[in-house]
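Report on the structure given below.
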Amino acid sequence: MFKFVYFFGKDVTDGKSSMKDLLGGKGANLAEMANLGVPVPPGFTITAEVCVLYLKNNEYSKEMVQQVEEAVDKLETINGKKLGDPEDPLLVSVRSGARVSMPGMMDTVLNLGLTDKSVVGLAKKVNDERFAYDCYRRFIAMFGDVVLGIEFRKFDSLIGDKKKELGVKSDTDLDAEALKQLAERFKEVIKLEKGFDFPQDPKVQLQMAIDAVFDSWNNPRAITYRKINGIDDKWGTAVNVQTMVYGNMGNTSGTGVAFTRNPSTGEKKFFGEYLLNAQGEDVVAGIRTPKYINTLKDEIPEAYGQLVDICQRLEAHFTDMQDIEFTIQEGKLYMLQTRTGKRTAAAAVKVAKDMVEEGLIDKETAVTRVQAEHIDLLLHPRIDPEAKLELIANGLPASPGAAVGKIVFTAEAAEEMAEKGEKTILVRTETSPEDIGGMAAAQGVLTVRGGMTSHAAVVGRGMGKPCVVGCGEIVIDTKNALFKVNGYTINEHDYISIDGSSGNVILGEVELIEAEINNDLKHILLWADEIRTLGVRTNADNPTDASLARELGAEGIGLCRTEHMFFGEDRIPVVREMIMAEEEKSRKKALKKLLPMQKEDFLGIFRSMEGLPVTVRLLDPPLHEFLPNKEELDEKLREYETAGNIEKIAAVNKIIERVVSLTELNPMLGHRGCRLGITYPEIYDMQVRAIMEAACELAVEGVQVSPEIMIPLVGHVKELALTRQKVCELADAVMAEKGTKFDYKVGTMIELPRAAITADKIAPEADFFSFGTNDLTQTTFGFSRDDVAKFVPIYQKAGILENDPFAVLDQEGVGEIMKIGIEKGRSVKPDLKMGICGEHGGEPKSILFAHSIGLNYVSCSPYRVPIARLVAAQSTLASRNK
Ligand code: PEP
Ligand code: MG
Numbered sequence: 001m002f003k004f005v006y007f008f009g010k011d012v013t014d015g016k017s018s019m020k021d022l023l024g025g026k027g028a029n030l031a032e033m034a035n036l037g038v039p040v041p042p043g044f045t046i047t048a049e050v051c052v053l054y055l056k057n058n059e060y061s062k063e064m065v066q067q068v069e070e071a072v073d074k075l076e077t078i079n080g081k082k083l084g085d086p087e088d089p090l091l092v093s094v095r096s097g098a099r100v101s102m103p104g105m106m107d108t109v110l111n112l113g114l115t116d117k118s119v120v121g122l123a124k125k126v127n128d129e130r131f132a133y134d135c136y137r138r139f140i141a142m143f144g145d146v147v148l149g150i151e152f153r154k155f156d157s158l159i160g161d162k163k164k165e166l167g168v169k170s171d172t173d174l175d176a177e178a179l180k181q182l183a184e185r186f187k188e189v190i191k192l193e194k195g196f197d198f199p200q201d202p203k204v205q206l207q208m209a210i211d212a213v214f215d216s217w218n219n220p221r222a223i224t225y226r227k228i229n230g231i232d233d234k235w236g237t238a239v240n241v242q243t244m245v246y247g248n249m250g251n252t253s254g255t256g257v258a259f260t261r262n263p264s265t266g267e268k269k270f271f272g273e274y275l276l277n278a279q280g281e282d283v284v285a286g287i288r289t290p291k292y293i294n295t296l297k298d299e300i301p302e303a304y305g306q307l308v309d310i311c312q313r314l315e316a317h318f319t320d321m322q323d324i325e326f327t328i329q330e331g332k333l334y335m336l337q338t339r340t341g342k343r344t345a346a347a348a349v350k351v352a353k354d355m356v357e358e359g360l361i362d363k364e365t366a367v368t369r370v371q372a373e374h375i376d377l378l379l380h381p382r383i384d385p386e387a388k389l390e391l392i393a394n395g396l397p398a399s400p401g402a403a404v405g406k407i408v409f410t411a412e413a414a415e416e417m418a419e420k421g422e423k424t425i426l427v428r429t430e431t432s433p434e435d436i437g438g439m440a441a442a443q444g445v446l447t448v449r450g451g452m453t454s455h456a457a458v459v460g461r462g463m464g465k466p467c468v469v470g471c472g473e474i475v476i477d478t479k480n481a482l483f484k485v486n487g488y489t490i491n492e493h494d495y496i497s498i499d500g501s502s503g504n505v506i507l508g509e510v511e512l513i514e515a516e517i518n519n520d521l522k523h524i525l526l527w528a529d530e531i532r533t534l535g536v537r538t539n540a541d542n543p544t545d546a547s548l549a550r551e552l553g554a555e556g557i558g559l560c561r562t563e564h565m566f567f568g569e570d571r572i573p574v575v576r577e578m579i580m581a582e583e584e585k586s587r588k589k590a591l592k593k594l595l596p597m598q599k600e601d602f603l604g605i606f607r608s609m610e611g612l613p614v615t616v617r618l619l620d621p622p623l624h625e626f627l628p629n630k631e632e633l634d635e636k637l638r639e640y641e642t643a644g645n646i647e648k649i650a651a652v653n654k655i656i657e658r659v660v661s662l663t664e665l666n667p668m669l670g671h672r673g674c675r676l677g678i679t680y681p682e683i684y685d686m687q688v689r690a691i692m693e694a695a696c697e698l699a700v701e702g703v704q705v706s707p708e709i710m711i712p713l714v715g716h717v718k719e720l721a722l723t724r725q726k727v728c729e730l731a732d733a734v735m736a737e738k739g740t741k742f743d744y745k746v747g748t749m750i751e752l753p754r755a756a757i758t759a760d761k762i763a764p765e766a767d768f769f770s771f772g773t774n775d776l777t778q779t780t781f782g783f784s785r786d787d788v789a790k791f792v793p794i795y796q797k798a799g800i801l802e803n804d805p806f807a808v809l810d811q812e813g814v815g816e817i818m819k820i821g822i823e824k825g826r827s828v829k830p831d832l833k834m835g836i837c838g839e840h841g842g843e844p845k846s847i848l849f850a851h852s853i854g855l856n857y858v859s860c861s862p863y864r865v866p867i868a869r870l871v872a873a874q875s876t877l878a879s880r881n882k
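Per my numbering, the very first residue in the sequence shown carries number 1; after that it's consecutive.
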């Protein structure tokens with residue numbers, strides 16, 4: 001016969017902890033505790049399968065009804081009491097319990113079995129009339145609320161009236177008579193609201209409560225909770241019917257919650273709180289302040305000793321920190337629940353590391369106990385979750401961590417303030433490469449426009465700088481040095497706080513919790529390195545970031561964006577000179593000045609990455625990005641015209657002319673990437689020379705270098721073939737000049753659909769592929785990566801897109817194109833090394849995907865390197881278990 005009901009108790013227990021899908025987390029662990037001989041009030045679990053069938057058919061099978069009846073009989077026999085017995089009634093609780101915990105989302109009914117008759121019996125039996133009527137009035141209200149759907153406040157207000165009538169303040173001041181009258185009134189409310197009497201048959205009460213718990217699976221808050229937490233609607237909930245025990249039977253009774261370790265620090269110390277003479281909900285409701293668990297040792301020593309012992313056993317048995325609920329009834333301890341304890345990031349790391357040392361778990365398990373989000377939290381300052389915040393706006397969470405500062409509207413202002421030791425938040429419509437200095441000087445960056453791969457987002461992540469972008473609600477008024485948002489006016493130098501992990505913009509100065517990379521985390525990451533097969537590199541374009549990334553575990557550079565080196569204060573004038581040059585000769589002259597500067601950067605980068613591969617990408621962005629913007633120039637022109645400065649007017653006019661000539665309607669699809677290198681070969685020549693001269697000098701010194709030169713935005717194999725040939729000729733020539741020789745590679749980015757689709761043609765010309773998923777997403781969706789903030793959040797709300805595809809890789813579309821690229825590339829070069837260097841390389845879901853489709857490495861900003869190491873190991877473990 002099909003089993004719908006599982007009993008648990010001292011002598012008979014049908015279930016076990018591995019049956020969570022069927023019995024729910026609570027039911028399965030109650031069974032497990034009973035199996036372990038832990039004192040659990042006996043009861044039974046009706047399976048989640050019954051819930052699914054009931055919600056579908058709106059009725060129960062005959063077998064199920066019969067099995068519940070048998071379980072009730074068994075429960076009555078074990079307790080030596082009968083439901084509804086007018087002398088000595090059995091009372092039960094009815095609680096929900098899904099396979100994953102959904103705290104407070106579904107319903108619970110306590111003290112079920114009380115009736116007008118049985119309450120009298122209970123009063124006599126415990127010799128406490130007040131206690132009995134207190135239970136009764138609680139039960140009627142709970143039943144009215146949970147089972148019959150009557151608003152709880154209708155009962156609650158009657159309690160208020162009663163207290164007023166008697167001139168008392170607290171519920172505990174109400175005597176037996178008052179509680180008896182309240183019970184009567186509550187029954188009247190039910191009659192009035194529902195048109196029928198409060199049921200006096202406990203079997204009817206029980207059936208109605210079971211129905212209500214099953215129905216609560218589909219209440220709106222449970223549905224929302226499941227949606228947010230990705231819980232399957234089809235699972236259903238189990239129902240647990242359990243003998244009531246009472247923590248409110250005087251001072252040798254009590255109830256509490258505890259963790260086997262400190263859930264906030266992870267410290268191995270019993271942690272919890274309790275109340276004497278109280279019921280479970282009193283601890284949670286916060287009406288009385290609970291006491292720390294260790295004082296229970298003096299108040300009820302025997303139960304305390306037993307509790308500590310049981311908790312240790314449970315932790316050892318489940319091999320994880322447990323979160324438990326207990327009740328002591330007249331000195332006797334009962335365990336009501338045990339489950340895996342929720343914990344902070346710091347605690348997750350410490351508990352995992354400690355448990356390996358204690359021999360409780362192995363390293364593999366430890367690596368799965370820490371989440372990517374935990375690391376993200378630990379590596380960046382964050383807002384105290386308890387802090388009260390005045391939210392003024394919300395944008396895209398572009399670079400994690402929180403920052404506090406006075407607002408400024410220009411990069412220069414941020415730098416000036418930083419020199420005075422002042423903290424700022426740089427607020428810009430959008431950032432451009434010229435703002436780099438200001439971004440570095442500010443605590444955080446907030447932009448009105450831009451998406452998850454916009455300049456501010458990419459640079460912010462690279463710097464580990466908190467950043468909120470695309471906050472379109474903000475209107476900047478530069479003239480009056482303020483911005484307005486949602487009815488607030490924020491003036492220059494007013495304080496705001498931003499949270500780059502949630503996208504929140506908050507009024508004023510918020511207290512921050514500092515970042516911490518501790519030894520425990522280092523251990524977990526080293527264990528992850530032992531497990532993972534996926535390589536982890538970094539995106540870095542200066543020696544400082546490269547060294548930081550190496551310290552954080554990067555195994556090389558996967559993307560060095562050389563254009564970022566063009567923006568130093570001393571460089572931009574030379575870069576502009578190069579762009580302004582009208583003919584090749586003057587362009588070469590300017591490039592000659594740039595050469596030593598780029599070389600110096602490469603020396604630093606190669607040195608800090610000694611022994612590891614360094615992928616350097618040749619210039620990619622359209623040239624106009626390096627010139628001042630047209631509005632600024634027009635303003636300058638007006639200034640010079642007013643002052644009559646003829647010389648300067650001519651100079652500015654010349655720049656304007658060049659800016660206009662370089663202006664493109666779609667610069668991201670325009671004159672950029674290898675197209676630049678092909679049309680202005682001298683630019684790439686200078687870069688290749690700088691890379692190779694730096695590498696040669698170090699090689700001569702005995703430093704091990706492995707440069708990998710990467711050609712961006714290739715769509716046709718001939719673009720690569722032509723560029724590669726020139727790169728190789730020059731590279732070989734430089735090595736010959738310097739009298740040294742070492743291996744170098746020339747590869748390409750795959751960031752256009754055409755490149756992926758023709759990867760079998762491209763592969764023979766490439767030593768490696770690196771998927772530039774930022775541009776690949778842009779060109780696959782046809783979404784401008786800098787303008788997505790205008791519509792992608794709305795697409796997400798409308799359910800068109802689950803995630804922002806510039807943050808989480810779109811596996812269905814972009815991912816399929818990548819698979820084609822990998823397959824075709826390897827069809828002609830089976831060992832072709834392939835990685836990903838778009839922003840997705842540091843995003844957990846995308847890392848798992850990158851591993852699953854056979855990439856060799858991911859490359860991400862330095863602060864995401866530890867996350868990638870962890871997730872890569874988790875990916876290996878998951879594939880081992882398949
Ligand atoms: C990319 O397109 O994914 C990439 C890494 O290049 P960039 O972001 O510099 O265009
Ligand atoms: Mg790109």
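Backbone N, C-alpha and C fix where the C-beta goes; we use that ideal spot for every residue, glycine too.
Computed from a prediction, not measured in an experiment: that's the story for all the values here.
Proximity test, residue i beta-carbon vs ligand 1 heavy atom, cut-off 7 Å
i: Glu625; result: no
i: Thr453; result: yes
i: Cys837; result: yes
i: Val700; result: no
i: Leu559; result: yes
Residue from the options whose Cα sits closest to the Cα of residue i
i: Ser879; options: Pro866, Ala850, Tyr863 and Ile867; result: Ala850
i: Ala34; options: Leu22, Leu23 and Asp14; result: Asp14
i: Leu22; options: Pro41, Cys51, Leu521 and Lys636; result: Cys51
i: Phe259; options: Ile310, Lys589 and Gly236; result: Ile310
i: Ile210; options: Lys169, Tyr136 and Glu59; result: Glu59
i: Lys522; options: Gly508, Ile436, Ala366 and Thr115; result: Ala366
i: Gln67; options: Val5, Met102 and Leu122; result: Val5
i: Pro885; options: Lys833, Asn542, Ile649 and Val792; result: Given that the chain is displayed from residue 1 to residue 882, the structure contains no residue 885 and the question cannot be resolved.
i: Ala731; options: Val746, Ala456 and Val792; result: Val746
i: Ala590; options: Glu600, Arg571 and Leu603; result: Arg571
i: Lys332; options: His493, Phe318, Asp145 and Ala303; result: Ala303
i: Arg369; options: Arg382, Leu314, Ala352 and Gln322; result: Ala352
i: Pro433; options: Ala348, Asp499, Arg561 and Leu314; result: Arg561
i: Arg672; options: Gln687, His716 and His624; result: His624
Coil, strand or helix - residue i by DSSP
i: Leu55; result: helix
i: Ala766; result: coil
i: Asn29; result: helix
i: Val828; result: helix
i: Tyr495; result: strand
i: Tyr680; result: coil
i: Asp211; result: helix
i: Asn251; result: coil
i: Lys82; result: strand
i: Glu325; result: strand
Neighbour-count burial assignment, residue i, 16 or more Cβ in a 10 Å radius
i: Asn883; result: The requested residue 883 does not occur in the structure, where the chain is confined to residues 1 to 882.
i: Lys797; result: exposed
i: Arg888; result: Residue 888 lies beyond the residue range present for the chain, which begins at 1 and ends at 882; the question has no answer from this structure.
i: Asp601; result: buried
i: Gly195; result: exposed
i: Gln443; result: buried
Residue i: CB within 7 Å of a non-hydrogen atom of ligand 3
i: Val458; result: Ligand 3 is not part of this structure, which contains only ligand 1 and ligand 2.
Practice problem: Just jot down, in chain order, the residues whose CB lies closer than 5 Å to any heavy atom of ligand 2. | Solution: Taken from the N-terminal end onward, the list reads Glu751, Gly772 and Asp775.
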